[in-house]
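K.L.:
Let me begin by handing over the structure; questions about it come next.
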Amino acid sequence: MTGKNFTPFPVLKTERLTLRQLISSDDKEIFALRSDDNVNKFLDRKPSKSIDDAKKFIQTINENIQRKDSLYWAIILNDTDKLIGTICLFDFSNDNLKAEIGYELLPDFQRKGIMQEAILKVIDFGIQHIGLNSIEAYTHRENQGSTRLLEKLNFKRQAPSGDNSDKDFIVFKLSKN
Numbered sequence: 000m001t002g003k004n005f006t007p008f009p010v011l012k013t014e015r016l017t018l019r020q021l022i023s024s025d026d027k028e029i030f031a032l033r034s035d036d037n038v039n040k041f042l043d044r045k046p047s048k049s050i051d052d053a054k055k056f057i058q059t060i061n062e063n064i065q066r067k068d069s070l071y072w073a074i075i076l077n078d079t080d081k082l083i084g085t086i087c088l089f090d091f092s093n094d095n096l097k098a099e100i101g102y103e104l105l106p107d108f109q110r111k112g113i114m115q116e117a118i119l120k121v122i123d124f125g126i127q128h129i130g131l132n133s134i135e136a137y138t139h140r141e142n143q144g145s146t147r148l149l150e151k152l153n154f155k156r157q158a159p160s161g162d163n164s165d166k167d168f169i170v171f172k173l174s175k176n
């Protein structure tokens with residue numbers, strides 16, 4: 000079955016990871032992730048300033064999921080229940096054939112193949128269960144780690160389009176065929 004049916008929330012599992020819905024007890028890890036200078040360095044957002052910011056963020060994310068506007072997974076190592084990162088599908092096209100992917104990982108867990116494992120699982124879910132034909136990713140042009148990861152996963156760099164394109168970000172696209 001394809002489409003944006005997120006109830007029950009789709010829990011995804013890989014060899015090392017569980018991708019599950021954010022829960023209120025993730026607030027400390029979400030705060031750590033969203034306030035970390037290294038994580039925020041290439042993201043166009045204001046850092047979280049408090050645990051309360053993190054709690055509001057979790058609530059907003061879960062409301063977006065209920066409205067079927069996005070899917071947002073907590074990345075958990077299978078041998079713990081602590082969030083180490085997040086990955087999401089959002090900005091779905093009206094026909095649900097295209098979406099954007101976003102991801103972030105705490106610095107201690109970067110460069111261990113974790114995000115590659117998570118992205119592959121989310122891509123598979125997006126194509127098989129939602130019916131996506133393409134997935135886009137926007138990465139800061141100085142974020143070499145993310146650029147290498149997307150290229151390794153066969154995302155193709157897209158030519159800038161229009162005057163409104165942000166010169167700091169590169170658009171990558173993965174097509175189903």
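In terms of numbering that gives the first Met the number 0, the sequence shown has 71 at position 72, counting the first letter as 1, and numbering is strictly consecutive. Using N, Cα and C, we set each Cβ at its ideal position, and we do this for glycine too.
So if DSSP puts His139 in a beta bridge, which residue, or which two residues, is it bridged to?
P.N.:
Taking the sequence shown and counting its residues from 1, one reaches residue 139 at position 140. The partner list for His139 (beta bridge, DSSP) reads Phe168.
K.L.:
Look at the Cβ atom of Leu88, then the Cβ atom of Gly125, and state whether they are nearer than 7 Å.
P.N.:
The count along the sequence shown starts at 1 and reaches residue 88 at position 89. The count along the sequence shown starts at 1 and reaches residue 125 at position 126. Contact flag set, yes.
K.L.:
Under the three-state reduction of DSSP, which class applies to Lys111: helix, strand or coil?
P.N.:
Taking the first residue of the sequence shown as position 1, residue 111 is located at position 112. Residue state, collapsed to three classes: coil.
K.L.:
Along the chain, where does the alpha helix (DSSP H) that runs through Phe30 open and close?
P.N.:
Start at 1 with the first residue of the sequence shown, and residue 30 comes out as number 31. Looking at the DSSP string, the run of the alpha helix (DSSP H) that includes Phe30 is 26-34.
K.L.:
For the stretch 31-45 against the stretch 95-111, are there 3 or more C-beta pairs whose distance is under 8 Å?
P.N.:
Judged by pairs of C-beta atoms under 8 Å, the stretch 31-45 touches the stretch 95-111, as three or more such pairs exist.
K.L.:
Go through the stretch 56-90 residue by residue and report every complete run of the alpha helix (DSSP H) that reaches 4 residues or more, in order.
P.N.:
Within the stretch 56-90, no complete alpha helix (DSSP H) run reaches 4 residues.
K.L.:
Just to confirm before moving on: does the CB-CB distance between Leu16 and Ile57 stay below 7 Å?
P.N.:
If you number the sequence shown from 1, residue 16 lands on position 17. If you number the sequence shown from 1, residue 57 lands on position 58. Contact flag unset, no.
K.L.:
Do the stretch 92-101 and the stretch 132-146 meet, that is, are 3 or more Cβ pairs less than 8 Å apart?
P.N.:
Between the stretch 92-101 and the stretch 132-146, the count of Cβ pairs shorter than 8 Å is three or higher; the stretches touch.
K.L.:
Starting from Thr17, follow the beta strand (DSSP E) in both directions and report where the run begins and ends.
P.N.:
Counted from its first residue, the sequence shown places residue 17 at position 18. Element bounds for Thr17: 16-20.
K.L.:
For Ser145, does the three-state DSSP call read helix, strand or coil?
P.N.:
Counting from 1 along the sequence shown, the entry for residue 145 is found at position 146. Here Ser145 sits in helix by DSSP.
K.L.:
When we look at the beta-carbon of Val10 and count the other beta-carbons within 10 Å, is it buried (16 or more) or exposed?
P.N.:
Locating residue 10 in the sequence shown gives position 11, counting from the first residue. Answer is exposed; the Cβ neighbour count stays below 16.
K.L.:
Taking the beta strand (DSSP E) that Leu98 belongs to, which residues open and close that run?
P.N.:
As a working mapping, residue 98 is identified with position 99 in the sequence shown. A small correction: the amino acid at residue 98 is Ala; Leu does not occupy that position in the sequence shown. Its beta strand (DSSP E) spans residues 97-104.
K.L.:
State the Cα-Cα distance for the pair Tyr71 and Gln65, rounded to the nearest angstrom.
P.N.:
Taking the sequence shown and counting its residues from 1, one reaches residue 71 at position 72. Taking the sequence shown and counting its residues from 1, one reaches residue 65 at position 66. Those two C-alpha atoms are separated by around 11 Å.
K.L.:
Would you mind working out which of Lys12, Glu62, Lys54, Asp36 sits nearest Asn77, comparing C-alpha positions?
P.N.:
In the sequence shown, the residue the question calls residue 77 occupies position 78. Considering only alpha carbons, the answer is Lys12.
K.L.:
Name the one or two DSSP bridge partners that Ser133 has.
P.N.:
As a first step, residue 133 must be located in the sequence shown, where it is residue number 134. Looking at the DSSP output, Ser133 bridges to Lys97, Ser174.
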